[in-house]
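For what it's worth, our numbering labels the leading residue of the sequence shown as 70, then goes sequentially.
Beta carbons: idealized from backbone N, C-alpha and C, even for Gly.
The next block holds one structure in the form of C-alpha cells; read it before the comments.
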Amino acid sequence: MLELFYESKNKDEYWGGDNIVISPWGDLIICEDNGSRGCKLLGINNLGSIYVIGQVEDSSSEIAGVCFSPDGKIMFLNIQDEGRTIAIYGDWKKIKSLY
C-alpha cells in the first residue's frame, strides 16, 4: 500500500526532486533539480517535515547522485556541471536539529 506523507505546494520549499535515497537514520534525502540557481539537498522525516541540509549557491548546476557509504558515516553527492564529488561526514544524529 502506498501512502502520500508529503506534497509540496510551495516552490520555495521544494521543487523538482531528482535523486532520492533513504538515510541511515531513516529520513528521505532528496537532490533538488529546480532548473535554476540554488538547488538544495533536502531531508524529509517520517512525519512529513522537510528540512534543508545544504544548498548549491554559486552554481547553476544541480546536486545529483546522493548516497551513503556502507557504514552510513559518509554522504556522497555530486555537483553535476562542475564534475565534483563531495564527501560529507559528521554526527548525523545532530541532523534532527534541522527539523
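So the candidates are the options; which of them puts its Cα closest to the Cα of residue i?
i	options	result
serine 92	Gly112, Tyr120, Ile132 and Gln124	Gly112
aspartate 72	Asn103, Leu116 and Asp81	Reading off the sequence, residue 72 comes out as glutamate, not aspartate. Looking at the Cα atoms, Leu116 is the closest of the given residues.
serine 138	Ile148, Asp81, Arg153 and Trp161	Trp161
asparagine 103	Ile122, Trp94, Gly123 and Asp81	Asp81
aspartate 140	Ser77, Trp94 and Met70	Trp94
Less than 8 Å between C-beta atoms, sequence neighbours within five positions excluded: which residues of the same chain meet that for residue i?
i	result
glutamate 101	Tyr83, Trp84, Gly85, Gly86, Asp87, Cys108, Lys109, Leu110, Leu111, Glu131 and Ile132
For residue i versus residue j, is the C-beta distance shorter than 8 Å?
i	j	result
isoleucine 143	tyrosine 158	yes
valine 90	valine 135	yes
isoleucine 155	leucine 146	yes
Hey, residue i and residue j are a contact pair by Cβ (cut 8 Å); roughly how many whole angstroms apart?
i	j	result
asparagine 114	aspartate 96	5 Å
Just to confirm my understanding: we take residue i, look at its own chain, exclude 5 residues before and 5 after, and list those with CB closer than 7 Å. What are they?
i	result
tyrosine 75	Ile113, Gly117 and Ile119
Return the bridge partner residues of residue i from the DSSP annotation.
i	result
glutamine 124	Lys109
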